[in-house]
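Residue numbers (my numbering): 14 to 347.
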Amino acid sequence: SRTSTTHVRVGMLRGIAKRLASPFENTAVHLFAVYLELVVREPLSYIVRSESPMRALAHDTTARGPSLSGDEIDRLRRTGYVVVDGVLTPSELRHARADADSLDGLGTADDSSWRRAGANQGGEHIRADSVTWLLEDGLGERSPRPGLATALRRLRGVASELAGSPSNAPGGSLAAAPGCWDGFDAARHEVPLGVPLACQLASYAPTEAAQASRDGPPVGYVPHRDGLPLSIVPRWSLRALEKSGTSSREVSALLYLNHAGAFAARATGGQLVLYLDAADEDEVGASCSERVEILPIGGRLVLFDSRRVLHEVLPHSAGSARVAFTCWIGGQWG
C-alpha cells in the first residue's frame with residue numbers, strides 16, 4: 014500500500030541519516046539529518062507545522078470555557094504533572110469514542126491509516142500500540158469526524174491556557190509573552206508553545222489480543238520521555254537541531270477517549286505511570302522520588318513535563334481498546 018511504501022522509505026532515509034551522522038559531528042551532516050527528520054514525519058508536513066495557542070483555541074467553537082484552573086496550572090509547574098477530569102462532557106466522550114470505534118482497524122494495523130508504532134521504535138517489545146494522526150477539519154484526508162474533532166480541538170486549546178499564565182519564577186508575577194510560558198525551570202525564561210496541526214490517536218489492544226500477534230511478556234509502552242532533557246541535550250545543540258521535533262516538546266497533553274467505567278479498576282491495567290524526579294540519565298525509573306499511577310478514565314486530561322517526566326503505559330485486560338489523543342506542545346509556529 015502507499016502507507017507501507019512510505020514507511021519503508023522513511024526507514025531507509027533515517028538509516029542513511031544515522032550512518033552519516035555517526036562518524037562526523039559537523040554542521041552539514043546534522044543539517045542533512047534535520048532535513049530528513051522534517052521530510053519524513055508522519056503525516057509528512059502537518060506534524061512539523063504548528064500554529065499559535067490562540068489560533069489553535071479559535072477552532073473550538075463549543076465555548077465551554079477553560080479546562081484548567083490557576084491552581085492546576087500552578088500544580089503542573091510545581092510537580093511536573095497535573096490530572097484534570099471532565100474535560101469532555103459524557104455526551105462529547107460518547108461521540109468521540111463512537112467516531113474512534115468507527116475507524117477501520119481500530120487497535121490493529123489492518124487499515125492503511127493505522128500503523129504499528131513499535132515498527133519504527135525498536136519493535137513491539139518497546140511499545141504495542143497502533144497509531145494514526147488526525148488533523149484539523151479542512152486540512153487533509155485525515156480530518157476527524159465531528160466527535161473526534163471536538164476532542165481534538167479541546168486538547169489543542171489547552172495550550173492557550175498555559176501561554177501567558179503568571180510566572181513561576183521566585184517573586185515573579187508577570188505573564189510571559191503571548192504564545193509563551195515560563196516553563197518548568199526555576200529561572201524565568203519564555204518558552205514558545207506552538208501547537209501542532211496534527212495530534213496522535215493511539216490505541217492499545219487488550220493484552221490477550223495483543224499477545225496473539227507477538228512473543229514475549231505483555232507490554233504497553235516501556236519507560237521513556239517524550240522530549241529531550243536539557244541537561245543532556247541543550248536547547249540549541251546540534252543534536253537538538255537534528256531531532257528538531259522531539260527537542261521542541263515542552264508539555265505532553267493526553268486526553269483519554271475510553272468507554273465510561275472501562276478503566277475504573279486498577280486491576281484492569283492500562284495505567285499511565287509517571288516516575289517523578291527520575292534522573293535525566295535514568296531510563297527505568299530506579300531513581301524516582303515517587304511513582305504515580307494514573308487510570309486512563311474517559312474524558313480525563315493529563316499534562317506533564319515532556320523533557321523530564323519518565324513515564325510508561327501498562328498493558329491492560331479491558332474488554333475494549335485503550336484509546337488516547339496526544340498533543341506535544343512546544344516550539345515556534347508559523
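The C-beta atom is built at its ideal place from N, Cα and C for all residues, glycine as well.
Give the straight-line distance between the Cα atoms of residue 157 and residue 112, rounded to the nearest whole angstrom.
8 Å
Residue nearest to residue 236 in terms of C-alpha spacing, selected from 319, 197, 144:
319
Going by CA-CA distance only, name the one from 194, 270, 210 that's closest to residue 313.
270
Terminal residues of the continuous beta strand (DSSP E) containing residue 266?
264-269
Does residue 318 come out as helix, strand or coil in the three-state DSSP assignment?
strand
Quick one: which unbroken beta strand (DSSP E) runs of 3-plus residues sit fully inside the stretch 77-102? Chain order, please.
94-97
Can you pull the DSSP bridge partners for residue 214?
145, 338
Simplified DSSP assignment, three categories, for residue 157
coil
Buried or exposed: which applies to residue 345, given that a residue is buried once 16 or more other Cβ atoms fall within 10 Å of its Cβ?
exposed
Between the Cα of residue 308 and those of 331, 291, 321, 129, spot the shortest distance and give me the residue it belongs to.
331
Would you tell me roughly how many angstroms separate the C-alpha atoms of residue 128 and residue 143, rounded to the nearest one?
5 Å
Does the distance from the C-beta atom of residue 145 to that of residue 105 stay below 9 Å?
no
Do you know whose CA, among 263, 294, 94, 329, lies nearest residue 232's CA?
329
Count the other CB atoms within 10 Å of the CB of residue 274; is the residue buried (16 or more) or exposed (fewer)?
exposed
Test item: CB-CB of residue 80 and residue 96 under 9 Å
no
Per DSSP, residue 289 forms a beta bridge with which residues?
303
Which of the three DSSP states, helix, strand or coil, is assigned to residue 280?
helix
Quick check on residue 46: does DSSP put it in helix, strand or coil?
Only weak support exists for where residue 46 lies, its pLDDT of 43 falling under 50; the coordinates are left without a value.
Simplified DSSP state of residue 63, which is helix, strand or coil
strand
Which residues in the same chain have their Cβ closer than 7 Å to the Cβ of residue 161, if we skip the five residues on either side of it in sequence?
109, 112, 113, 147
Would you kindly report the start and end of the unbroken beta strand (DSSP E) that includes residue 325?
323-326
Considering Cα atoms alone, identify which of 213, 107, 246, 311 is closest to residue 159.
107
Can you tell me whether residue 63 is buried or exposed, with buried defined as 16 or more other CB within 10 angstroms of its CB?
buried
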